[in-house]
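Chemist: So the sequence shown is numbered by our numbering: it starts at 284 and just counts up by one.
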Amino acid sequence: MDRSDDVIVGPAFAPDSAADCLSGDWDIGLNACFECCDRHAAVDADRPAIYFEDEGRSSVTTFGELRARSTAFAGLLTRLGVQPGDCVAALVPRSPELVVAALGAWRIGAIFMPLFTAFGEAAIGHRLQQANAAVLIVDEAYLSSVEGIDNRPPSILISNFGCSCSTTESWDQMVAAATLSEPIMLDREAPFLRMFTSGTTGKPKSLDVPLRALVAFAVYMREGIDLQQADRFWNLADPGWAYGLYYALIGPLLLGIPTVFSKQAFDPYLAIEIIRRLKITSLAGSPTAFRLLMKAGPDAVRPIRKQLRVVSSAGEPLTPEVSNWFREHLGVDVRDHYGQTELGIVLVSRTMPEDLASQPKGSTPISGFSLAVLDEAGGELGPGAVGELAVHRTASPLFWFAGYRERKALSDSYYRTGDLVQWNSEGGILFIGRTDDVITSSGYRIGPFDVESALAEHAKVLEVGVIGKTDVQRTEIVKAFVVLMPDVDATNDLIEELKQHVRKRLSAHAYPREIEFIDRLPRTPSGKLQRHVLKGVDNKRSQ
Numbered sequence: 284m285d286r287s288d289d290v291i292v293g294p295a296f297a298p299d300s301a302a303d304c305l306s307g308d309w310d311i312g313l314n315a316c317f318e319c320c321d322r323h324a325a326v327d328a329d330r331p332a333i334y335f336e337d338e339g340r341s342s343v344t345t346f347g348e349l350r351a352r353s354t355a356f357a358g359l360l361t362r363l364g365v366q367p368g369d370c371v372a373a374l375v376p377r378s379p380e381l382v383v384a385a386l387g388a389w390r391i392g393a394i395f396m397p398l399f400t401a402f403g404e405a406a407i408g409h410r411l412q413q414a415n416a417a418v419l420i421v422d423e424a425y426l427s428s429v430e431g432i433d434n435r436p437p438s439i440l441i442s443n444f445g446c447s448c449s450t451t452e453s454w455d456q457m458v459a460a461a462t463l464s465e466p467i468m469l470d471r472e473a474p475f476l477r478m479f480t481s482g483t484t485g486k487p488k489s490l491d492v493p494l495r496a497l498v499a500f501a502v503y504m505r506e507g508i509d510l511q512q513a514d515r516f517w518n519l520a521d522p523g524w525a526y527g528l529y530y531a532l533i534g535p536l537l538l539g540i541p542t543v544f545s546k547q548a549f550d551p552y553l554a555i556e557i558i559r560r561l562k563i564t565s566l567a568g569s570p571t572a573f574r575l576l577m578k579a580g581p582d583a584v585r586p587i588r589k590q591l592r593v594v595s596s597a598g599e600p601l602t603p604e605v606s607n608w609f610r611e612h613l614g615v616d617v618r619d620h621y622g623q624t625e626l627g628i629v630l631v632s633r634t635m636p637e638d639l640a641s642q643p644k645g646s647t648p649i650s651g652f653s654l655a656v657l658d659e660a661g662g663e664l665g666p667g668a669v670g671e672l673a674v675h676r677t678a679s680p681l682f683w684f685a686g687y688r689e690r691k692a693l694s695d696s697y698y699r700t701g702d703l704v705q706w707n708s709e710g711g712i713l714f715i716g717r718t719d720d721v722i723t724s725s726g727y728r729i730g731p732f733d734v735e736s737a738l739a740e741h742a743k744v745l746e747v748g749v750i751g752k753t754d755v756q757r758t759e760i761v762k763a764f765v766v767l768m769p770d771v772d773a774t775n776d777l778i779e780e781l782k783q784h785v786r787k788r789l790s791a792h793a794y795p796r797e798i799e800f801i802d803r804l805p806r807t808p809s810g811k812l813q814r815h816v817l818k819g820v821d822n823k824r825s826q
C-alpha cells in the first residue's frame, strides 16, 4: 500500500544521524555495554552512574566501577561457556547487580533477558524454556522461586556483589583478576535483549530487540522524557518489564546520566523522601504509582512541590484526575506516553486536559516513526475517524520490531498495534483502547478508558475496569467493575450515584448500565488491567 497524506509523521530522522545518539560506528558495529558504560567511563570514570537506595542505605556506583565489574562478570560468563548470541536470564531486583549482569552479558555479545522478581515458578520456567536461556543469574533472595524448575540452566547466585557458581570467586577477586576486555562489536541487527510481552490479551509472546533499537531509546529519552545533563532522573518502573528496562536502565545510561534504583517495594512516603533527598527533577512511572503518591495527600508532597521539572507517564492510559492533582499540588504537568514492548515509546504528549469535556491536543510521534490510523481493511483514515493505530514500517527508520520469535517475520507494510485511536483535527492521536476492548452499544462505539476515567474521579472509587457485556437489544452494554475506597459501603444507592456521575461527566449513552463491586482487579504482573479476564468472569456468570 502506498503511503498517503493521512500518515502522521514524526520529525525528520535519517539513519546516519544515529551518530548524534550513539558513539558507535555503524560500519564497525555496535555494543550495548560500550554505549551504556565504557564510552562514559573513558571520559570520566568517577561520573555517577547509579544512585541506589536499599532500606535507608544509599550508595553511588560510578561508570568506572561499572566498567570494572561488568568486565569481571563477563569473564565469569565466558568461563561458564556463554557465547555471543546466547541468552543470559536474570532474576535480580532493581540494583547495581542487575546493571552489572546486563552489561556483562552485552560485553561478550550475549542476549540479556530480565525476569520480573514477582514471578512465580511457572512463569519463570516458561520463559526460561521459551527463551532457551544458557545461564540464569539469580539473587539469593529469589532462589526459592527457581529451585523447583526442571531442567533449568546453570545458575549464578549473587548477593551484594558476591557471587557463587562453579567457582568460589568473590566479586573483589574477580575484579582484581580481570583484564579490561574490549566489548564485542556486532551487526546493528544482532539482538541484545530477549523480551516477553505483558500478556494483556493472552499468553506472553517473546521477541528479540536488535542493537539498532538503542537509537530509538535515546531519541525517546531526549524528546519524550526531555532528559537533560542537569537532571536527576528516576523511573519508577521495574526493569523486569520493557518500560523499566528500556528507559530506567538503558535510556539514561546511554546519555551518560545517572539512574536511580530503589530495591524496596514502592511506598509513596519513601518515594517522596527519595525525590527530596536526591533532588530528583525528572520522574517517570505509571498512573498506578502516581495514584499512590496522590493517596499520601497534599501535605505529604509539599516538600517536593515545584521540584520536579518533568513527569512522564506510561504503561497505561493517564486519566485527568492524576494530571490535575500533579498540576495543583506539585506544580508540574504530567506527559502521557504510549508504546509497546514491541515498539518502545512512539507517541508522546505534553499536557492533559483539565477534564473529560475538554478536547486534548493528543499525542504526536517521536522522531523516526510514521504512524497511521487504519480501518479493518487496512485503509488509511483521516481526521475524526476511529481506527487502529499502525506504524508505517518502511517510512519509519527507527522501527526495529521484526516479529515474534514464535511466528513468521513481519511482511505487511504496516505493523498494526491492536490499539484503537482517533486522529483529531489538530494532528494529534487520541487513545481509545484495545481493538477488542471497544464497546459497541446501540450503534455507538465507546472506549472503556473514558468510562474508567470518569468513574475514577469519584471520591469513593479506588479502581475501576470497564467491559462490554453482550446484550440482545443494544449489542453490548457498558459494565463497570469497581473497587471502592476503604471503609466505603457497597450499596444500591451508590450504584445509582456512580451511574449518574458518568452520565453527567461523560455522556448519557456511555454510562455503565451495570456496576459490580469487587475486591481487586485482575492485572498482569506489570500492573496492566486485564479486561479479557473480567469478560471471561462475566461470561461464565451469564451462561
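Cβ atoms here follow ideal geometry from the backbone N, Cα and C, with glycine treated the same way. Please read all numbers here as calculations on a predicted model, not as lab measurements.
In the DSSP assignment, what residue or residues form a beta bridge with valine 631?
Modeler: Here residue 631 refers to the residue found at position 348 of the sequence shown. Looking at the DSSP assignment, valine 631 forms a beta bridge with His620, Thr647.
Chemist: Determine the direct distance from the alpha carbon of valine 593 to that of aspartate 227, and round the result to whole angstroms.
Modeler: Nothing about residue 227 can be reported from this structure: the residues present for the chain run from 284 to 826 only.
Chemist: Could you check how far apart the C-beta atoms of aspartate 821 and isoleucine 750 are, in whole angstroms? I think they sit under 8 Å.
Modeler: If you number the sequence shown from 1, residue 821 lands on position 538. If you number the sequence shown from 1, residue 750 lands on position 467. That belief holds up - the Cβ atoms of aspartate 821 and isoleucine 750 are roughly 7 Å apart, short of 8 Å.
Chemist: For proline 474, which three-state DSSP category applies?
Modeler: In the sequence shown, counting from the first residue as 1, residue 474 sits at position 191. Residue state, collapsed to three classes: strand.
Chemist: Can the beta-carbon of leucine 374 be found less than 8 Å from the beta-carbon of leucine 440?
Modeler: Counting from 1 along the sequence shown, the entry for residue 374 is found at position 91. Counting from 1 along the sequence shown, the entry for residue 440 is found at position 157. Result no, Cβ atoms of leucine 374 and leucine 440 do not sit closer than 8 Å.
Chemist: How should tyrosine 552 be labelled, buried or exposed, when 16 other C-beta atoms within 10 angstroms of its C-beta is the threshold for buried?
Modeler: Translated into the one-based positions of the sequence shown, residue 552 becomes position 269. Answer is exposed; the Cβ neighbour count stays below 16.
Chemist: Closest to valine 674 by CA distance: which of Gly364, Ala416, Gln623 is it?
Modeler: By one-based count along the sequence shown, residue 674 stands at place 391. Closest by alpha carbon: Gln623.
Chemist: Can you tell me the Cα-Cα spacing of arginine 814 and glycine 598, whole angstroms?
Modeler: Indexing the sequence shown from 1 puts residue 814 at position 531. Indexing the sequence shown from 1 puts residue 598 at position 315. Cα to Cα, arginine 814 sits roughly 15 Å from glycine 598.
Chemist: Cα-Cα, which of Ile587, Leu476, Ser708, Phe732 is closest to alanine 414?
Modeler: Numbered from 1 along the sequence shown, position 131 holds the residue referred to as residue 414. For the residues Ile587, Leu476, Ser708, Phe732, the minimum Cα distance to alanine 414 belongs to Leu476.
Chemist: Is the stretch 673-687 touching the stretch 529-536, taking contact as three or more C-beta pairs under 8 Å?
Modeler: no
Chemist: Note down, in chain order, each residue of its chain lying with its Cβ closer than 8 Å to the Cβ of glutamine 547, except the 5 sequence neighbours on either side.
Modeler: Here the question's residue 547 lines up with position 264 in the sequence shown. Counting only Cβ-Cβ distances below 8 Å, and skipping sequence neighbours, we find Glu336, Asp337, Glu338, Leu553.
Chemist: Does serine 646 pass the burial test, meaning 16 or more other C-beta atoms within 10 Å, or should it be called exposed?
Modeler: To locate residue 646, count along the sequence shown from 1; it is residue 363. With 16 or more Cβ atoms within 10 Å of its Cβ, serine 646 is classed as buried.
Chemist: Which residue's Cα is closest to the Cα of proline 795: Lys762, Val656, Arg560, Ala324?
Modeler: Locating residue 795 in the sequence shown gives position 512, counting from the first residue. Nearest option by C-alpha distance: Lys762.
Chemist: So, at 6 Å on beta carbons, what are the nonlocal neighbours of proline 379 in its own chain, with the 5 sequence-adjacent residues on each side left out?
Modeler: Here residue 379 corresponds to residue number 96 of the sequence shown, with the count starting at 1. The answer, listed in chain order, is Ile333, Phe335, Thr344.
Chemist: Whose CA, out of Gly667, Gly748, Glu689, Glu740, lies closest to the CA of glutamate 709?
Modeler: The count along the sequence shown starts at 1 and reaches residue 709 at position 426. For glutamate 709, the nearest C-alpha among the options comes from Gly667.
Chemist: Can you name the start and end residues of the beta strand (DSSP E) that tryptophan 517 belongs to?
Modeler: For the purposes of this step, residue 517 is taken as residue 234 along the sequence shown, with counting starting at 1. Taken as a continuous stretch (DSSP letters only), the beta strand (DSSP E) holding tryptophan 517 covers 516-518.
Chemist: Beta carbon of histidine 409: closer than 7 Å to some heavy atom of the ligand ATP?
Modeler: Looking for the ligand ATP in the displayed structure turns up nothing, as the structure carries no ligands at all.
Chemist: Cα-Cα, which of Tyr526, Lys787, Ile557, Ile587 is closest to serine 595?
Modeler: What you label residue 595 is simply residue 312 of the sequence shown in a count that begins at 1. Taking only the C-alpha atoms, the option nearest serine 595 is Tyr526.
Chemist: Among the candidates Val734, Ala742, Ala739, whose CA atom is the shortest distance from the CA of isoleucine 760?
Modeler: Sequence index remark: in the sequence shown, residue 760 carries index 477 (1-based). The residue with the shortest Cα to Cα distance from isoleucine 760 is Val734.
Chemist: Less than 8 Å between the C-beta atoms of threonine 564 and aspartate 514, yes or no?
Modeler: To locate residue 564, count along the sequence shown from 1; it is residue 281. To locate residue 514, count along the sequence shown from 1; it is residue 231. Yes, Cβ-Cβ distance for threonine 564 and aspartate 514 is below 8 Å.
Chemist: Reducing DSSP to helix, strand and coil, say where histidine 409 ends up.
Modeler: For the purposes of this step, residue 409 is taken as the residue at position 126 of the sequence shown. DSSP places histidine 409 in helix when its eight states are reduced to three.
Chemist: Please report the distance separating the alpha-carbon of valine 584 from that of leucine 703.
Modeler: Taking the first residue of the sequence shown as position 1, residue 584 is located at position 301. Taking the first residue of the sequence shown as position 1, residue 703 is located at position 420. A direct Cα-to-Cα measurement between valine 584 and leucine 703 gives close to 35 Å.
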